[in-house]
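Listed in order, the protein sequences are those of chains E and P. One point on numbering: in this note's numbering, the residue at position 311 of the first sequence is 311, and numbering is uninterrupted. For any residue, its number in this note's numbering is found by taking its place in the second sequence, counting from 1, and adding 1000. A quick write-up on the structure given underneath.
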Amino acid sequence: MEYLHLFTAMGTLTPSMLSKVYSFLDWDGWSGERVVLRPDGTIPVARLYTDNLRGQELARLFYVTNIFAFEGTGKENRERWQCGAEFFGGAKLAPDVEIILLAEEVIRRLGISNIGLQLSHAGLVKALLKELKLNPGEEAKMTNRILEGNWQALTKAKSINPEVDRLIAALVDLKGKSSSFLYNIRASFPKVSQDFKASLEDLISITTVLDKVGCSYKIDIAAIHGFEYYTGVCFKFLAAGEKIGGGGRYDNLVPLMNGEDIPACGFALYVEPIMKLLPQEKEKKGQCGILIKGKELTPEIVKTCFTAAGSLRDAGYPAELDFTGREESNYRWTVLVSGNEPTPFTFTDRVRRRRRDAASMAEILKVVGEG
Amino acid sequence: MKDYQDDYIKLALPKGRFLSPTASLLAEIDLGFQDYSDRTKQYRLRSVRFPGLAAKILQEKDISIQVAVGNYDLGICGLDWIEELLVKYPAGALVKISSLNYGEGSIHAVASTEAGITGIDKLSARRNDCRIVSEYPNLAEAFALNLRMRRFRIFPVWGAAEAYPPENADLAVLWGKSGADIAAQGLIPLKRLLPVTAFLIANRESLENKDLSQILTCFSSKLNAEPQTSIDNGFDVSEELKVSRTWWQTKEINLALPDGHQQAPTAQFLKQTGLPIQGYSDELMNRRPSTDLDWLGIKVIRPQDMPLQVANSNFDLAITGEDWLREHLYRFPSSPVKKLFALGFGAVKIVAAVSQEMPVTNIDEVRALVQSSKLAPLKVTSEYINIADKYLRDNHINPYRLIPTWGASEAFLPEDADMLIDNVQTGKTLEHHKLKIIDVLFRSSACLIANRYSLASSDKKEKMEFLRQKLRAGLN
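Okay, structure coming up:
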């Protein structure tokens, strides 16, 4: 749980996301202070940094957490899991590149191929919005629409400056695949605002490094979604047409939480869509699981069963117990404990279709070890 | 036996502010109900023209919820209560059919002249906490979120929101006839959030599956294009208003006195104590009575709201009912509110009651009925949500559903609820509505409550003790 006020300020979550948080009064909530089930992973980590690591020049933090958001269709989970890494401090550029490459490496090492990386920049979007010269209310509405993914609203808004309209159309329509695209934009629109130019230069420097290290990406201004706190480069990862992660730079979040003026960036990977893409692990139970069955429920047999299971587990094999007498088909090996001397165990291998009596667990372990 | 059959079309009609214009409208469109008037003591109405149409008179606040949960097919109530529900639960089963084009006033966000808040645009930039008091907590929250307020707290109240700023709240979200009307109360209307007109509403499933066409046809001549129907997020241009200044000064000790039914007996009791309080009378609504004791501040608010307000240290002492104190303490067990002593008036019993036709005489038999699945889930209606919740949990009733009400819970039985938990003085009202008491939860009367920290404060101790003694003297 977190305090609601962490998420309400301008520059944290969008109103649309806030309307889906689970919030309630705590047991001591007579003061009106409300708590929420965590709706986002980054903001609580920024709060942790501000509260506990203040003064630490550089901090590389990671987390695995569940997050909660109301979902009205009943088709999606309201509790989802994500893991992420956050980089507090450091100059720009290097941390941005480090975070992007780290996220990509994690996804790659999970065995997911054909990853798509899309890049955008919050500064570019904000500069474009300023150029539209909307009143504060309209600008807030437009920002919300864009953050909810409605980029058509931006192209439909007409500026008094035709060059701005042309620039918006170009950025929404074109998707570059290297820093050359951004050089072309810079050359084609020389009269853009200083804010736009500064953000463009920032994105150029990041993409230039990514080009050098051989990281492929697509520049898509629409690759920014849902979070108000981004201030610089934003990115998202796609695989099999689904968003599996994203992140970006959020330099204002730590100061917004009354921390120092510490820049930061990070990423989150979404566990549910990633799980769907992971190669299915073979059922361990079916492959190497061992079932110990007691022939009768006498104290002596029960004791022998537990001792046998313990020996197998000590040797590194998963072992389960069963006293119901029913036939099990999910285990490769079954050890029937009858307690009859001199062979108290009957050992069955379903793969090799063999059955034999054994005098001791050492004998069984030897066979299992041979595979 | 329920009075209404399932295939009846059920219509919820408002009490209070919209009763008279709604009655006129229904008469005009030939959909009148004989007993639908200010003087009626009936809750259930039958249409003469349409034998299959049944109506019930409910509190306006309850109507949107009742239509949403499907107890009624159609309803008429103010847009404020509809939006209060929809802003929190937009995917719900409530459908706005049309404005009926009568109503009055708007929901406004207001601040006190003393608060130094002159414009809406200043609020999102404020670094410190903003306390918002409202009868409409969901609308107030949506307003704060849309404005991207950095930090805010919502204090839901049963009423008298206008009395809270500036000492006890920075903003209030409340209904007002006009900007000028609000300004006359010493408040600055910062923003008009919603015009309040009466609306015809429907339950989505009823609209999709049940033939309501005969009734809707009656309304057809009155259904116009919708006026503004949702919260306006735009930025207002402030109108020029003459705002009267509220006289207000920080006091060392703050006492809350009740309005409503408890006001007359409390005023009578205070006379007996000899405390010099002027302007506390139910003949003239004055939210800030005065006293000769220059260290004592007095405010008149709803007794239901007092325990929370005392817990927050907005008041040091308050006169409320033991029922509302318990309702608060069941929700917040570690709250710093303490009962000092009972005042001996306003005695009621908090009871559980069911229809006389239900074959039970006590809560154990209710449990057996619920366990046998003949009455599951048990629908329980109450103003005391936390008391009711605890009572049902303690008695192992499972499953149950709580239906919050804002008064007249006896109107809900037996069609819309199986049990009520309410206060009774004599029990005659319940009897009149063919209900029977199956359990007495506890007895309650007016009491003096205090904030524990104020009692322990060296600065306040002496004056608190003085007031305590004065009020205790009234008991003799």
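All C-beta atoms in this analysis are idealised placements derived from N, C-alpha and C, irrespective of residue type, glycine included.
- Interface residue (Cβ-Cβ distance to chain E less than 8 angstroms): A1198 of chain P is not classified as such.
- Chain E places a beta carbon closer than 8 angstroms to that of S1334 of chain P, counting this residue as a contact.
- Taking C-alpha positions only, L297 of chain E is separated from C305 of chain E by approximately 10 angstroms.
- Collapsing the DSSP output to three states places N144 of chain E in a helix.
- Annotation for N1101 of chain P: the continuous beta strand (DSSP E) segment containing it runs L1094 to S1112.
- Annotation for V302 of chain E: G294 and F323 place their beta carbon closer than 8 angstroms to its own, counting only its chain and skipping 5 residues before and after.
- A direct Cα-Cα distance of roughly 5 angstroms separates P1156 of chain P from P1137 of chain P.
- Nearest to I244 of chain E by alpha-carbon distance, out of E:L53, E:N114 and E:V233, is E:N114.
- For secondary structure counted as the beta strand (DSSP E) over 3 or more consecutive residues, the segment 1242-1279 of chain P holds these complete runs in sequence order: 1253-1258.
- Spatial neighbours of V1110 of chain P in its own chain (CB-CB distance under 8 angstroms, excluding positions within 5 residues in sequence) are listed in chain order as E1162, P1165, L1171, A1172, V1173, L1174, G1176, I1182, L1187, I1188, P1189 and L1190.
- Taken through DSSP and simplified to helix, strand or coil, H1396 of chain P comes out as coil.
- Residues of chain E with a Cβ closer than 9 angstroms to the Cβ of L1190 of chain P do not exist; the shortest Cβ-Cβ separation is about 14 angstroms.
- If you draw a straight line from the Cα of L1413 of chain P to the Cα of L61 of chain E, it comes to about 57 angstroms.
- Under the 8 angstroms Cβ criterion, the segment 1297-1304 of chain P does not count as touching the segment 1430-1437 of chain P, having fewer than three qualifying pairs.
- As the crow flies, the alpha-carbon of A1160 of chain P is around 25 angstroms from that of R1452 of chain P.
- Distance check between G325 of chain E and each of E:T334, E:G214 and E:L154 places E:T334 closest, using alpha-carbon atoms only.
- Its chain contains P1014, K1015, G1016, F1018, C1077, G1078 and W1081 as the residues whose beta carbon lies nearer than 7 angstroms to that of E1060 of chain P, once the 5 sequence neighbours on both sides are disregarded; these appear in chain order.
- Interface residue (Cβ-Cβ distance to chain E less than 8 angstroms): A1115 of chain P is not classified as such.
- Residue contact check for R1288 of chain P against chain E: no CB pair falls below 8 angstroms.
- By the neighbour-count criterion, in which 16 or more other beta carbons inside 10 Å mark a residue as buried, S1458 of chain P falls on the exposed side.
- In this structure the segment 265-284 of chain E does not touch the segment 144-155 of chain E; the number of beta carbon pairs closer than 8 angstroms is below three.
- Under a criterion of Cβ atoms nearer than 8 angstroms, the residues of chain P adjacent to S31 of chain E are, in order, R1153, A1311 and N1312.
- Relative to the Cα of P342 of chain E, the nearest Cα in the group E:A358, E:R350 and E:E327 belongs to E:A358.
- Nearest C-alpha to K1339 of chain P among P:V1067, P:A1184, P:A1446 and P:G1474: P:A1446.
- Taking 7 angstroms as the Cβ-Cβ cut-off, the segment 237-254 of chain E has no residue approaching chain P.
- Against chain P, the CB of D165 of chain E has no partner CB under 8 angstroms away; the residue lies outside that interface.
- Counting only unbroken stretches of 3 or more residues, the beta strand (DSSP E) elements lying wholly within the segment 1317-1379 of chain P are 1317-1321, 1337-1342 and 1348-1355, in sequence order.
- Burial is judged here by how many other beta carbons sit within 10 angstroms of a residue's own beta carbon; Q1262 of chain P has at least 16 and is buried.
- Less than 8 angstroms divides the Cβ of N1203 of chain P from the Cβ of V1067 of chain P.
- Between V106 of chain E and L210 of chain E, the beta carbon gap of about 17 angstroms keeps them out of contact (Cβ cut-off 8 angstroms).
- Closer than 8 angstroms to the CB of L1145 of chain P there is at least one CB belonging to chain E.
- For the segment 1148-1172 of chain P, residues whose beta-carbon sits nearer than 8 angstroms to a beta-carbon of chain E comprise R1148, M1149, R1150, R1151, F1152, R1153, I1154 and F1155.
- Between A1091 of chain P and chain E, the shortest Cβ-Cβ separation is below 8 angstroms.
- In this structure, the CA atom of D1282 of chain P is about 49 angstroms from the CA atom of N144 of chain E.
- Taking 8 angstroms as the CB threshold, T42 of chain E stays off the interface with chain P.
- Bridge pairing for I43 of chain E: absent [DSSP].
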